[in-house]
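Asker: The opening residue of the sequence shown carries number 6 in the numbering used here; numbering runs sequentially from there.
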Amino acid sequence: MRSHLHHVGFTRHAPLDAAEAVRTGTKRTLKAARTLRDIVDAYRLDLPGIQVRDGRIALGSASPATAERPARLLGATPPDPDTLAAAPLDADRVGERLRLAFAAATGGDALDVHVQEAEAAPAPDVEPVPALGSIDVTTARRLVAAPRF
Numbered sequence: 006m007r008s009h010l011h012h013v014g015f016t017r018h019a020p021l022d023a024a025e026a027v028r029t030g031t032k033r034t035l036k037a038a039r040t041l042r043d044i045v046d047a048y049r050l051d052l053p054g055i056q057v058r059d060g061r062i063a064l065g066s067a068s069p070a071t072a073e074r075p076a077r078l079l080g081a082t083p084p085d086p087d088t089l090a091a092a093p094l095d096a097d098r099v100g101e102r103l104r105l106a107f108a109a110a111t112g113g114d115a116l117d118v119h120v121q122e123a124e125a126a127p128a129p130d131v132e133p134v135p136a137l138g139s140i141d142v143t144t145a146r147r148l149v150a151a152p153r154f
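1) For A150, report the span of its alpha helix (DSSP H) as first-last.
2) Give, in chain order, every unbroken run of the alpha helix (DSSP H) that is at least 4 residues long and sits entirely within the segment 15 to 93.
3) By the three-class DSSP mapping on this structure, what secondary structure does A106 have?
4) Taking the alpha carbon of R61 as the reference point, which residue from L41, E132 and L50 has its own alpha carbon closest?
5) Identify whether A96 lies in helix, strand or coil by the three-state DSSP scheme.
6) CA-CA distance, G113 and D87?
7) Taking three-plus beta-carbon pairs below 8 angstroms as touching, is the segment 62 to 77 in contact with the segment 97 to 111?
8) Any heavy atom of the ligand ADP within a distance shorter than 7 angstroms of the CB on D46?
9) For P135, list the residues DSSP reports as bridge partners.
10) Would the beta-carbon of S139 fall within 8 angstroms of that of R58?
11) Using the C-alpha atoms, what's the distance from T29 back to L105?
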């Protein structure tokens with residue numbers, strides 16, 4: 006049995022190596038999340054939900070106006086004023102603009118943006134918000150390195 010385990014790459018140091026890999030991955034993810042928070046703070050974006058969860062960086066949710074700003078920072082063209090006058094940006098439209106700008110800025114990485122009801126008590130004047138999903142550390146690094154971000 007021992008020769009079989011050695012043959013597939015298991016050694017007595019494998020548990021230590023695995024623990025080190027997890028520790029290194031966690032450090033990289035935390036560092037990338039911290040960098041994203043710094044950028045968000047520098048642009049004064051209201052995205053308090055950035056956190057590391059299950060090895061990924063959860064971006065939280067944002068108002069349509071807040072989500073529109075990173076879309077523009079990532080290269081989305083401003084909406085036509087006539088279009089805005091006819092129909093203000095809502096969570097669906099902003100989410101799509103952010104999704105497209107994110108993919109273009111990161112070389113094709115996807116951002117899962119979906120619409121969720123606002124966390125405030127349900128009321129007729131409370132608008133749905135874009136929930137920005139989560140990204141892995143590699144995508145976070147590409148986002149930080151995006152030319153306009």
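Think of the CB as a built atom: it goes at the ideal place given N, C-alpha and C, for glycine as much as any other residue. Just so you know, these numbers come straight off a predicted model, no measurement behind them.
Answerer: In this structure, then:
1) V142 to A150
2) 19 to 47, 69 to 78 and 86 to 91, all fully within the segment 15 to 93.
3) helix
4) The candidate whose alpha carbon is nearest that of R61 is L41.
5) A96 falls in the helix class under three-state DSSP.
6) Cα to Cα, the separation comes out at about 30 angstroms.
7) The segment 62 to 77 vs the segment 97 to 111: in contact.
8) By its list of ligands, the structure shown contains no ligand whatsoever, and the ligand ADP lies outside what it can speak to.
9) V120
10) yes
11) So the two alpha carbons sit approximately 31 angstroms from each other.
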